[in-house]
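K.L.:
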Amino acid sequence: MAEDGSTASESEEYEYHFRGNVQYNGEPLEGVGISLEGNGFEAETETDADGRWEIGVPEKGTYEVTLDEDTLPEGVVVAEGGATREAEFGLTKNASVNFFLGEGTRVTVSFFDQFAQRLFNGINFGLLLALAAIGLSLIFGTTGLSNFAHAELITFGALMVLTFGSNLGWPLWAAIGIALLLSAALGWGLDAAIWKPLRRKGVGVIQLMIVSIGLSLALRYTYQFFYGGSTSQLPGATLPSDIRIGPIALSWVDLLSMGVSIVVLLAVAFFLLRTRIGKATRAVSDNASLASASGIDVDGVIRIVWVLGALLAGLSGILWAYFRPGVSWDMGFQILLLVFAAVTLGGLGTAFGALVGSLIVGVFVELSTLWLPSDMKYVGALVILILVLLFRPQGILGRRERIG
Amino acid sequence: MIDWGAIFGNAAVELISPTTAAYALAALGLAIHFGFTGLLNFGQAGFMLLGAYGYAIPALKLGWPWWACLLSALLASVVFALILGIPTLRLRADYLAIVTIAAAEVLRLVFTTNEFQPVTGSANGLSEFQAGLLEFNPFPPGRYGFGPWVFDNRVWFFLVLAWVVVALAALLTWLLMRSPWGRVIKGIREDEDAVRSLGKNVYSYKMQSLILGGLFGTLAGIIFVMPRAVVPSYFQPTLTFMVYAILLLGGAATILGPIVGSMVFWVLLSFFSGFISRAVEAGWFPFMTQVQAGQLRFILVGIAIMLIVIFMPQGLLGNRKELAFVK
């Protein structure tokens, strides 16, 4: 039911607007040509003296916004994502489209260089997926719950950094610290308020899964209620990718993100393999009744798993906010299926399988943009999930007996 | 002042609207999958999408008559069910859940991408595909009705058609579930191994159930888009979750549950949204904007799903002894 009728040509008369700001190294660029196409509508504009541009469109939808690279100054190109990108509206009437400019000449990047860049991005993406996936997998292993509300734990971390770092103006390290603390507290709280009573009640796993879907829906729209439908940026999220390693251009945020993921994943591995509680966790995961009979406090282990899972998911959300980049109310839900795909690929309930699965999904999603249009990049990963289940249903590291 | 008449009137319209019928039919399909067979299909939105596009694309791009469009939609749905079922029906229930939700998302992304814009209309979707069917509209032009139920002839046509399809589907389900086939299906839900040991081909029965419930979902998709345009963003996972909410509200292993559930769900939702929206307008909730009032309904649906599953797992019409939840 497209509502047309208005044939106004002035940008101000349309209800929906795309906006952007073209800057290079903090300097606004004037006179850069921006064109927009989609849904049978076309428009063109140029950036003003502040580097700003705005195009009004008659209706909500997906549009292709192109930055004319010929109008950029000598030696400046669109650094990431290409000069043409898809843009669509959230629930608001305005959407911002930002192009990330970088130094360079307009030579087409060789296939190998693109491949290397995508591979690096893919590994980075895979590592942050792994943080979320390990939590999901541990929760599944110890309680049998496929936790659809994990997406909201991911979003929660990023939203808390946004609240404390941007809205309240705390220093970034303190904002991230409190966000992680609150994430862990949320995990503990959810277990104490919802999951533990339900376990006591002996509610079946399918019922628990549907409860988690309801919880996910309620939490997601609660976020939207308070934070609105727009996308905001965390401090430092739009740094230029000015570090070059061979063909790979990256920013220090990318490097830091990768470093943090690797260190945290190693710490989780150490926790699971070497510590008493970690061993107890794996024991509960294997066979809860046997673990209980051996004197392991199953409820205690599950509580730790929830706290750890929520903490990792929150961290993953913060990194995801820098990787996308942007924070929005449904950002976790956007990658929930990828996280599930990663966990299933690796083998449900195996922590290290989740890591392997995440890396495969992350690399696959990024590499597929070499061939697939970018609005279909998640398709490949989900198709792989279905194919793997066809040939190796227990997952890559899963054991056959688990599939039942 | 709050216009209570309008709130109640709008809520009453939802009682019989084609959308209510579409959700009821989609939920009936899920009742076959989940309530009677124990299959966790979380891709009902995908089946509905195939119905909508499977009908609209041949109608618009190839100019096929309505019955050929209907057949193409149903065929697409059967193929989709086979593709989903072959790898997953041998596996544990939660694998089917993950694969179906993933497959439905794949479909939605494929129909959203700009790559196939000439065929699918991408994010903007397709409209005006109803012409072929509207030729058969027996209702004379104009707006008529009684009480709050005043519609134009087009809506009346879709409305009657929708509820006739729902009634036929419910009758078919009722007949099937009291047949030997239905007993095997319910047996699979209770104890798959026991049914297998009786020499039944469990895999084949599950597949038949997946196809049948999927066909209901496909018909529901057609009914859902008839009064509007086909837009891919209708078919997000949230749609499936809403249909689950309706099914659980009405009673998962019942025939009339999905229908009653859909009516109760939409009437309550319309009443609640209407009330909140007008109360915000009237300044009763100064801390809330109109947009936030619109989001409150989803929060409520989420909480309702949790409460129903925990405290009333049998739903409004279900039998407490026949809990549809496998442990």
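The listed protein sequences derive, respectively, from chains A and B. Numbering follows our numbering, with no gaps: position 153 of the first sequence is 202. Numbering follows our numbering, with no gaps: position 195 of the second sequence is 184. Built from N, CA and C at the ideal position, the CB exists for glycine as well. Quick caveat, the model's predicted, so the values are computed rather than measured.
(1) Any beta-carbon of chain B closer than 8 Å to the one on G263(A)?
(2) In three-state DSSP terms, what is G253(A)?
(3) Where does E117(B) land, buried or exposed, given buried means 16+ other C-beta within 10 angstroms?
(4) Is the Cβ of T393(A) closer than 8 Å to any Cβ of chain B?
(5) What is the residue span of the alpha helix (DSSP H) that G406(A) lies within?
(6) Whole angstroms are fine: how far does the CA of A(-5)(B) sit from the CA of V149(B)?
(7) In three-state terms, what does DSSP make of D141(B)?
(8) With a threshold of 6 Å on Cβ separation, who are the neighbours of N(-1)(B) within its own chain once the five nearest residues in sequence on each side are excluded?
(9) Could you confirm whether any beta carbon from chain B is found closer than 8 Å to the beta carbon of T271(A)?
(10) Taking any Cβ of chain B, which residues in the segment 108 to 134 of chain A have a Cβ under 8 Å from it, in chain order?
(11) Given a threshold of 16 other Cβ atoms within 10 Å of its Cβ, counted over all protein chains shown, does E179(B) qualify as buried or as exposed?
(12) Starting from the beta carbon of S195(A), find every residue of chain B whose beta carbon is closer than 9 Å, and list them in chain order.
(13) How is the beta strand (DSSP E) around W102(A) delimited, first residue to last?
(14) Secondary structure at V315(B), three-state DSSP: helix, strand or coil?
(15) Could you pull out every residue in the same chain whose Cβ sits closer than 7 Å to the Cβ of G210(B), ignoring the five residues on either side in sequence?
(16) Identify whether R90(A) lies in helix, strand or coil by the three-state DSSP scheme.
(17) In chain order, what residues of the same chain have a beta carbon less than 6 Å from the beta carbon of L202(A), not counting five sequence neighbours either side?
(18) Tell me whether T324(A) is buried or exposed, calling it buried when 16 or more other Cβ atoms sit within 10 Å of its Cβ.
(19) Under 8 Å, with one C-beta from each stretch per pair, do the segment 182 to 194 of chain A and the segment 400 to 409 of chain A reach the 3-pair mark?
(20) Anyone know if the C-beta pair for I200(B) and A11(B) falls short of 8 Å?
(21) Give me whichever residues DSSP pairs with R68(A) in a beta bridge.
(22) From R269(A) to P129(B), what distance separates their C-alpha atoms?
(23) Starting from the N-terminal side, write out each stretch of the alpha helix (DSSP H) that is 4 residues or longer and does not extend beyond the segment 191 to 261 of chain A.
(24) Are there three or more Cβ pairs, one per stretch, closer than 8 Å when the segment 343 to 356 of chain A is compared with the segment 231 to 247 of chain A?
(25) Which runs of the alpha helix (DSSP H) at least 4 residues long sit entirely within the segment 306 to 389 of chain A? Give them in chain order.
(26) Between G87(A) and G110(A), which are expected to be in contact by the criterion C-beta below 8 Å, what is the C-beta distance as a whole number of angstroms?
(27) For V191(B), which residues of its own chain have a beta-carbon under 8 Å away from its beta-carbon, when the five flanking residues on both sides are left out?
(28) Give, in chain order, every unbroken run of the alpha helix (DSSP H) that is at least 4 residues long and sits entirely within the segment 175 to 217 of chain B.
(29) Per DSSP, which residues does Y133(B) bridge with? Please list them.
(30) Is there a C-beta anywhere in chain A that falls below 8 Å from the one on F140(B)?
(31) Answer with buried or exposed for A313(B), where buried requires no fewer than 16 other C-beta atoms within 10 angstroms of its C-beta.
(32) Measure the CB-CB distance between G308(A) and L221(A) and report whether it falls below 8 Å.
(33) Checking the sheet assignment: what are the DSSP bridge partners for T227(B)?
(34) Along chain A, in chain order, which residues have C-beta atoms closer than 9 Å to that of G291(B)?
(35) For T399(A) versus G277(A), is the C-beta distance shorter than 8 Å?
(36) Below 8 Å between beta carbons is the criterion; list the residues of the segment 194 to 211 of chain B that meet it against any residue of chain A, in chain order.
P.N.:
This is what the structure gives:
(1) So yes, G263(A) belongs to the interface.
(2) Coil.
(3) Within a 10 Å sphere around the beta-carbon of E117(B) sit fewer than 16 other beta-carbons, which makes this residue exposed.
(4) With 8 Å as the cut-off, T393(A) counts as an interface residue toward chain B.
(5) Bounds of the alpha helix (DSSP H) holding G406(A) are A400 to S417.
(6) Each residue's Cα considered, the two are about 24 Å apart.
(7) The answer is strand: DSSP assigns D141(B) an E or B state.
(8) Closer than 6 Å at Cβ, skipping near neighbours: S259 and G263.
(9) Answer yes: the Cβ-Cβ gap between T271(A) and chain B drops below 8 Å somewhere.
(10) If you check each beta-carbon in the segment 108 to 134 of chain A against every beta-carbon of chain B, the ones closer than 8 Å belong to E108, G110, T111 and E113.
(11) When all chains shown are included, E179(B) counts as exposed.
(12) What S195(A) touches in chain B: D83, A86 and I87.
(13) Run containing W102(A): R101 to V106, per the beta strand (DSSP E) assignment.
(14) Any reading at V315(B) must be qualified, since the residue scores a pLDDT of 46, below 50, and its modelled position is unreliable; the value itself is stated next. Annotated three-state conformation of V315(B) is coil, per DSSP.
(15) Excluding residues within five positions, the ones whose Cβ falls inside 7 Å are F36, M37, L38, L39, G40 and A41.
(16) The question names Arg, but residue 90(A) is Phe in the sequence shown. Of the three classes helix, strand and coil, the one that applies to F90(A) here is strand, per DSSP.
(17) The beta carbon of L202(A) sits closer than 6 Å to those of A359 and A362, all from its chain and outside the five residues before and after it, given in chain order.
(18) It counts as exposed.
(19) Three or more pairs of CB atoms, one per stretch, sit closer than 8 Å, so the segment 182 to 194 of chain A contacts the segment 400 to 409 of chain A.
(20) It is not a contact, given that the beta carbons lie outside the stated cut-off.
(21) R68(A) is bridged to E103(A) and S145(A).
(22) Rounded to the nearest whole angstrom, the C-alpha separation of R269(A) and P129(B) is 45 Å.
(23) If only uninterrupted alpha helix (DSSP H) runs of at least 4 residues are considered, those enclosed by the segment 191 to 261 of chain A are 199 to 210, 221 to 239 and 245 to 250.
(24) Result yes; three or more Cβ-Cβ pairs closer than 8 Å.
(25) Runs of the alpha helix (DSSP H) inside the segment 306 to 389 of chain A: 325 to 335, 337 to 342 and 347 to 372.
(26) Yes, they are in contact, since the Cβ atoms of G87(A) and G110(A) sit about 6 Å apart, within 8 Å.
(27) If we look at V191(B) and ignore the five residues flanking it on each side, its Cβ neighbours are I177, E181, V184 and R185.
(28) Runs of the alpha helix (DSSP H) spanning 4 or more residues and lying entirely within the segment 175 to 217 of chain B occur at 181 to 186 and 191 to 214, in chain order.
(29) As DSSP reads the structure, Y133(B) sits in a beta bridge with F140(B).
(30) No, because no Cβ of chain A sits closer than 8 Å to the Cβ of F140(B).
(31) Residue confidence is low: A313(B) scores 49 on pLDDT, short of 50, so the model does not pin down where it sits. Its coordinate-derived value is still stated next. So A313(B) counts as buried.
(32) No; because the gap between Cβ atoms is not below 8 Å, this pair is not in contact.
(33) According to DSSP, which records beta bridges pairwise, T227(B) is partnered with nothing at all.
(34) Correct list: I262, G263, L264, S265, L266, A267, L268, R269, Y270 and T271.
(35) No, the pair does not count as a contact, with Cβ atoms beyond the cut-off.
(36) From the segment 194 to 211 of chain B, no residue has a Cβ closer than 8 Å to chain A.
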